[in-house]
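Q: Sharing a structure below in structure tokens format, with a few things to ask.
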Amino acid sequence: MYKLIVSDLDETLLRDDGSVSQQDLQSIQKLTAQGVKFVPNSGRGFASMQSLLQKIGTLNQDGQYVISYNGGVIVNNYQNQVLVNHYLDWSIANQLYLLALQQPNLGIHVYTLNDVYIYKPSADELNYLKTRQVQYHDFDEPNLNQFKETPIVKIIMENTDRTQLADFKTRALAKVETPLTVTFSSNRYVEFNPAGIDKGRAALELA
503 MYKLIVSDLD ETLLRDDGSV SQQDLQSIQK LTAQGVKFVP NSGRGFASMQ SLLQKIGTLN
563 QDGQYVISYN GGVIVNNYQN QVLVNHYLDW SIANQLYLLA LQQPNLGIHV YTLNDVYIYK
623 PSADELNYLK TRQVQYHDFD EPNLNQFKET PIVKIIMENT DRTQLADFKT RALAKVETPL
683 TVTFSSNRYV EFNPAGIDKG RAALELA
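Written as structure tokens, this is what we have:
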């Protein structure tokens, strides 16, 4: 009998419109009723997964968990208690942000523990975020100075042209000396987390 099931969300559990099929919902609810822990494992923040947790029956449930921010934060669903965190150093996040500003065709997402701040989202990006029920703050600052005392979990750059993202990754790794975990996701993002942080490691940390 399985005790823990960990599932990615976008392009996996979630359909293109951000919904979960009725068959999958019923399967998850049946498993959790049997005591199995069903753990969403996503690059998104845990705050944007609350409606999903409500649907599958684990919202605010003690002993049920979410892995968020590509493994940057693990929470107990009860009151979103943070169990594990791996924050990105502010100076590194700021350096990446400044580099992205030099490539004006990129959107930028800055993820703190509880919020996401977005610089220049495209119309397509806004529609994508709406289907995922992501709440965000508009952000148009020349640097990340306002977050010096606020933990940053990750920073991502957005463009639906993979070449643009690959170019930025190359530039970033050439400029930033600190090792990073870099991933591409959803055919629209290149994501930067601290070195060694990923969804697989987080699943092992939780287990």
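Position 190 of the sequence shown, counting from 1, maps to 692 under our numbering, and the rest follow consecutively.
By construction, the Cβ of each residue, glycine as well, lies at the ideal position given by its N, Cα and C atoms.
Here the structure is a predicted model, which is why all the values come from computation and not from measurement.
Give the range of the alpha helix (DSSP H) segment to which G609 is assigned.
A: Here the question's residue 609 lines up with position 107 in the sequence shown. Counting along the chain, G609 falls outside any alpha helix (DSSP H), though it belongs to the beta strand (DSSP E) covering 609-614.
Q: Looking at the unbroken alpha helix (DSSP H) that takes in T534, where does it start and where does it end?
A: The residue given as residue 534 occupies position 32 in the sequence shown. Segment 524-535, the alpha helix (DSSP H) holding T534.
Q: Tell me whether K632 is buried or exposed, calling it buried when 16 or more other Cβ atoms sit within 10 Å of its Cβ.
A: Stepping through the sequence shown from its first residue, residue 632 is reached at position 130. K632 is exposed by the Cβ-count criterion.
Q: Our contact map puts Y571 next to G547 with C-beta atoms below 8 Å; I'd like the distance itself, whole angstroms only.
A: Translated into positions along the sequence shown, residue 571 becomes position 69. Translated into positions along the sequence shown, residue 547 becomes position 45. 6 Å between Cβ atoms; contact.
Q: How far does the alpha helix (DSSP H) with I558 in it extend, from its first residue to its last?
A: Counted from its first residue, the sequence shown places residue 558 at position 56. Taken as a continuous stretch (DSSP letters only), the alpha helix (DSSP H) holding I558 covers 552-558.
Q: Taking its Cβ as the centre, do 16 or more other Cβ atoms sit within 10 Å of A512, making it buried, or is it exposed?
A: Counted from its first residue, the sequence shown places residue 512 at position 10. According to the sequence as given, residue 512 is Asp; it is not Ala. With 16 or more other Cβ atoms within 10 Å, it is buried.
Q: Hey, is Y619's beta-carbon within less than 8 Å of any beta-carbon in chain C?
A: This model lacks chain C altogether, as it is built from one protein chain only.
Q: Could I get the ranges of all uninterrupted alpha helix (DSSP H) runs contained in the region 617-682, with 4 residues as the minimum, in chain order?
A: Qualifying alpha helix (DSSP H) stretches, in chain order: 625-633, 664-677.
Q: Which of the three DSSP states is assigned to Y599 in this structure?
A: The sequence position of residue 599 within the sequence shown is 97, counting from 1. Note: Y599 maps to helix in three-state DSSP.
Q: Cβ atoms of N607 and N579: under 8 Å apart, would you say?
A: For the purposes of this step, residue 579 is taken as residue 77 along the sequence shown, with counting starting at 1. For the purposes of this step, residue 607 is taken as residue 105 along the sequence shown, with counting starting at 1. Result no, Cβ atoms of N579 and N607 do not sit closer than 8 Å.
Q: Measure from the alpha carbon of S521 to the alpha carbon of each residue in Y638, V636, L554, then state which is nearest.
A: Locating residue 521 in the sequence shown gives position 19, where the first residue counts as 1. Taking only the C-alpha atoms, the option nearest S521 is L554.
Q: Could you tell me the boundaries of the beta strand (DSSP E) in which K539 lies?
A: By one-based count along the sequence shown, residue 539 stands at place 37. Taken as a continuous stretch (DSSP letters only), the beta strand (DSSP E) holding K539 covers 539-542.
Q: Contact between the region 687-705 and the region 641-649 is defined here as three or more beta-carbon pairs at a separation below 8 Å; is this criterion met?
A: No, they do not touch.
Q: Just how far apart, CA to CA, sit M551 and D510?
A: Here residue 551 corresponds to residue number 49 of the sequence shown, with the count starting at 1. Here residue 510 corresponds to residue number 8 of the sequence shown, with the count starting at 1. Cα to Cα, M551 sits roughly 12 Å from D510.
Q: Taking the straight line between their C-alpha atoms, what separation do you get for K557 and L527?
A: Residue numbering aside, residue 557 sits at position 55 when the sequence shown is read from its first letter. Residue numbering aside, residue 527 sits at position 25 when the sequence shown is read from its first letter. Their Cα atoms are separated by approximately 7 Å.
Q: Of the choices H611, L615, N629, whose alpha-carbon is the least far from that of K622?
A: Here residue 622 refers to the residue found at position 120 when the sequence shown is read from its first residue. For K622, the nearest C-alpha among the options comes from H611.
Q: To the nearest angstrom, report how far apart S593 and H639 are at their CA atoms.
A: Counting from one through the sequence shown, the residue named residue 593 turns up at place 91. Counting from one through the sequence shown, the residue named residue 639 turns up at place 137. About 21 Å.
Q: Using a Cβ-Cβ cutoff of less than 6 Å, which residues in the same chain neighbour E627 once the five nearest sequence positions on both sides are dropped?
A: The residue given as residue 627 occupies position 125 in the sequence shown. Excluding positions up to five away in sequence, the list reads G609, E660.
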